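Peer 1:
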Amino acid sequence: MKILAFETSCDETSVAVVENGKNVLSNIISSQIDIHKEYGGVVPEIASRHHIENILPVFEEAMEKAECRLKDIDYIAVTNTPGLIGSLLVGLMFAKSLSYANEIPLIPINHIEGHIFSNFIENDVNLPAVSLIVSGGHTDLYYINNENGKIKIELMGETLDDAVGEVYDKIARILNLPYPGGPEIERLSVGGEKILKIKKPNIEGYNFSFSGIKTYITNYINNESMKGNKISKENVAKSFQEIIVQILYDKVLKAVNEKKVNTVLVAGGVSANKRLREKFKELPENIKINFPKMEYCTDNGAMIGAAAYYKLKNKEYDIKENKYNLDAKSTKEKHKDNPKM
Ligand code: KG4
Ligand code: ZN
32 MKILAFETSC
42 DETSVAVVEN
52 GKNVLSNIIS
62 SQIDIHKEYG
72 GVVPEIASRH
82 HIENILPVFE
92 EAMEKAECRL
102 KDIDYIAVTN
112 TPGLIGSLLV
122 GLMFAKSLSY
132 ANEIPLIPIN
142 HIEGHIFSNF
152 IENDVNLPAV
162 SLIVSGGHTD
172 LYYINNENGK
182 IKIELMGETL
192 DDAVGEVYDK
202 IARILNLPYP
212 GGPEIERLSV
222 GGEKILKIKK
232 PNIEGYNFSF
242 SGIKTYITNY
252 INNESMKGNK
262 ISKENVAKSF
272 QEIIVQILYD
282 KVLKAVNEKK
292 VNTVLVAGGV
302 SANKRLREKF
312 KELPENIKIN
322 FPKMEYCTDN
332 GAMIGAAAYY
342 KLKNKEYDIK
352 ENKYNLDAKS
362 TKEKHKDNPK
372 M
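The opening position of the sequence shown corresponds to residue 32 in this note's numbering, with each subsequent residue numbered one higher.
What follows is the structure, given as structure tokens:
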């Protein structure tokens, strides 16, 4: 089964062709990072305009690379929530038009579910598993189980304030580093020392909070600047990254022990971080840890195609339902099986 998938929720225009949820025939990503760098973050209006310019050539390239024609495509999948509304609408309208004109069924996909299923690409996942999603917009912990052949996704915890990627970007901005901040902080931290004694926030259960860490670092930089002291960006980056990685590790370890799973899945833009990947190797030996390949960490169409495949397998998709009145939603949508998600 071949799924043509569209992802335009933020600043990446991506189109992929995915076969049977695992085999990626093409995954073309046109990133707008260089455009938004100038502004220190994604400017929604500019992002949607660039999606409009990019979507047709990216679609054509994805079809060409996959050596496909529309008659070979069984389903069209598209991210319709959550994300920047203007950006989502470009992908959704394009996918809807293709679906309507070519009579190919349309499958709406939640972007976060896309990240979850990026771990299933080119990889056999043993369920149950604990899945950590760390991106620019989300920091969520899920329990994923297979119930009578149906994959169930249950939200265990989420950030109460900023997402991990968002704090990486904000700290980078304070340090006058370019956008996106994650890779910059990772690069600088290699030469740094953990000189700041940042306390772990005391958050019960599986929720997260990162705003206190952001405030602590902002105050440290302001105080040192006022005293006329030189700030070592390397040391700040290292201290910041170490506490972040420790918080994520501790919550996952707690979840693994409580849920008694042997599989940990980590996905989303921050899962590209090498220190995070290194730290997770400290999990008990019986735990199989999966990080997606680098190209499936940040936003991409392949993960949307993979998620659509499992949605079909789960029979969560009603072919008779009219999908042409489908709308885009910017906020995190409630999951059908789990109103907390
Ligand atoms: O998943 P993603 O592409 O977009 C969202 O859905 O938000 O994630 C983007 C986020 C950005 O905040 C970026 O700074 C962060 O992922 N990121 C990283 C790294 N690469 C990207 N954070 C830490 N280390 C990295 N190597
Ligand atoms: Zn994302």
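Idealized CB from N, CA, C, for every residue including glycine.
Note that the structure is predicted; figures quoted are calculated from it, not measured.
Nearest CA to the CA of LYS360: which residue from GLY117, TYR174, ILE248?
Peer 2: Locating residue 360 in the sequence shown gives position 329, where the first residue counts as 1. Taking only the C-alpha atoms, the option nearest LYS360 is GLY117.
Peer 1: Closest to PRO209 by C-alpha separation, out of HIS67, GLY52, MET32, would be which residue?
Peer 2: Stepping through the sequence shown from its first residue, residue 209 is reached at position 178. Taking only the C-alpha atoms, the option nearest PRO209 is HIS67.
Peer 1: Work out the CA separation of SER242 and PHE311 for me, nearest whole Å.
Peer 2: Start at 1 with the first residue of the sequence shown, and residue 311 comes out as number 280. Start at 1 with the first residue of the sequence shown, and residue 242 comes out as number 211. The straight-line gap from Cα to Cα measures roughly 23 Å.
Peer 1: Which residue wins for smallest C-alpha separation from SER220, given the options GLU265, ASP155, ASN253?
Peer 2: For the purposes of this step, residue 220 is identified with residue 189 of the sequence shown, where counting begins at 1. The option with the nearest alpha carbon to SER220 is GLU265.
Peer 1: Since PHE37 is in the beta strand (DSSP E), which residue starts that stretch and which ends it?
Peer 2: For the purposes of this step, residue 37 is identified with residue 6 of the sequence shown, where counting begins at 1. Segment 33-38, the beta strand (DSSP E) holding PHE37.
Peer 1: Under the rule that 16 or more other beta-carbon atoms within 10 Å means buried, what is MET257, buried or exposed?
Peer 2: Locating residue 257 in the sequence shown gives position 226, counting from the first residue. Exposed, since its Cβ has fewer than 16 Cβ neighbours within 10 Å.
Peer 1: So is LYS365 buried or exposed if we call it buried at 16+ other beta carbons inside 10 Å?
Peer 2: In the sequence shown, residue 365 corresponds to position 334, counting from 1. Because the pLDDT of LYS365 is 46, which lies under 50, any placement of that residue in the model is unreliable, and the question is left without a value.
Peer 1: What would DSSP say about LEU137, mapped onto helix, strand or coil?
Peer 2: Sequence index remark: in the sequence shown, residue 137 carries index 106 (1-based). Of the three classes helix, strand and coil, the one that applies to LEU137 here is strand, per DSSP.
Peer 1: If we count Cβ pairs, one from each stretch, closer than 8 Å, do we get three or more for the stretch 37-51 versus the stretch 329-347?
Peer 2: The stretch 37-51 vs the stretch 329-347: in contact.
Peer 1: I need the DSSP call for ASP200, collapsed to helix, strand or coil.
Peer 2: Numbered from its first residue, the sequence shown carries residue 200 at position 169. The answer is helix: DSSP assigns ASP200 an H, G or I state.
Peer 1: Report the CB separation of LYS282 from PHE239 in whole angstroms; it is logged as a contact under 8 Å.
Peer 2: Position 251 of the sequence shown holds residue 282. Position 208 of the sequence shown holds residue 239. Correct: roughly 7 Å between the Cβ atoms.
Peer 1: Where DSSP assigns a beta bridge to ASN254, which residues make up the other side?
Peer 2: Residue mapping note: residue 254 aligns to position 223 of the sequence shown, counting from 1. Per DSSP, none; premise fails for ASN254.
Peer 1: Go through its chain and collect everything with a Cβ distance to ASP192's Cβ below 8 Å, but skip five positions before and after it.
Peer 2: Within the sequence shown, residue 192 is the residue found at index 161, counting from 1. Within the same chain, ASP192 has close Cβ partners SER240, PHE241, SER242.
Peer 1: Can GLY300 be considered in contact with the ligand ZN, in the sense that its beta carbon sits closer than 7 Å to one or more heavy atoms?
Peer 2: On the sequence shown, residue 300 is found 269 positions in, with the first residue counted as 1. Under cutoff, so the answer is yes.
Peer 1: Quick one: is ASN369 buried, meaning 16 or more other Cβ sit within 10 Å of its Cβ, or exposed?
Peer 2: The count along the sequence shown starts at 1 and reaches residue 369 at position 338. The pLDDT assigned to ASN369 is 42, lower than 50, so where the model puts this residue is not dependable, and the model offers no usable value.
Peer 1: Within 10 angstroms of its Cβ, does GLY259 collect 16 or more other Cβ (buried), or is it exposed?
Peer 2: Working through the sequence shown from its first residue, we reach residue 259 at position 228. Classification of GLY259: exposed, given that the 10 Å Cβ count is below 16.
Peer 1: Need the endpoints of the alpha helix (DSSP H) that GLY332 sits in, please.
Peer 2: In the sequence shown, the residue the question calls residue 332 occupies position 301. Where GLY332 is concerned, the enclosing alpha helix (DSSP H) stretches over 332-344.
Peer 1: Can you tell me whether DSSP reads ASN51 as helix, strand or coil?
Peer 2: Here residue 51 refers to the residue found at position 20 when the sequence shown is read from its first residue. If DSSP states are grouped into helix, strand and coil, ASN51 belongs with coil.
Peer 1: Quick one: give me the first and last residue of the beta strand (DSSP E) that ILE175 is part of.
Peer 2: One-based indexing of the sequence shown puts residue 175 at position 144. Here the beta strand (DSSP E) through ILE175 covers 170-178.
Peer 1: The beta strand (DSSP E) with ASN321 in it runs from where to where?
Peer 2: Translated into positions along the sequence shown, residue 321 becomes position 290. From DSSP, the beta strand (DSSP E) with ASN321 extends over 319-321.
Peer 1: Which two residues bound the contiguous beta strand (DSSP E) that contains ALA160?
Peer 2: By one-based count along the sequence shown, residue 160 stands at place 129. Run containing ALA160: 160-165, per the beta strand (DSSP E) assignment.
Peer 1: For the structure I just gave you, are there three or more beta carbon pairs, one from the stretch 345-356 and one from the stretch 65-85, closer than 8 Å?
Peer 2: These segments do not touch.
Peer 1: How long is the line joining the alpha carbons of ASN293 and LYS342, rounded to whole angstroms?
Peer 2: Along the sequence shown, one-based indexing puts residue 293 at 262. Along the sequence shown, one-based indexing puts residue 342 at 311. Each residue's Cα considered, the two are about 24 Å apart.
Peer 1: Can you look up PHE271 in the DSSP assignment and give me helix, strand or coil?
Peer 2: To locate residue 271, count along the sequence shown from 1; it is residue 240. In this structure, PHE271 counts as helix in the three-state DSSP scheme.
Peer 1: Quick one: what does DSSP say ASN266 is sitting in, helix, strand or coil?
Peer 2: The residue given as residue 266 occupies position 235 in the sequence shown. Of the three classes helix, strand and coil, the one that applies to ASN266 here is helix, per DSSP.
Peer 1: Just to check my reading of the structure: GLY223 and ALA268 have Cβ atoms closer than 8 Å, yes? What is that Cβ distance to the nearest angstrom?
Peer 2: For the purposes of this step, residue 223 is taken as residue 192 along the sequence shown, with counting starting at 1. For the purposes of this step, residue 268 is taken as residue 237 along the sequence shown, with counting starting at 1. About 5 Å separates the two Cβ atoms, so the contact holds.
Peer 1: Only counting the same chain, and skipping five residues up and downstream in sequence, which positions put a Cβ closer than 6 Å to that of THR362?
Peer 2: The sequence position of residue 362 within the sequence shown is 331, counting from 1. These residues qualify, in order along the chain: PRO113.
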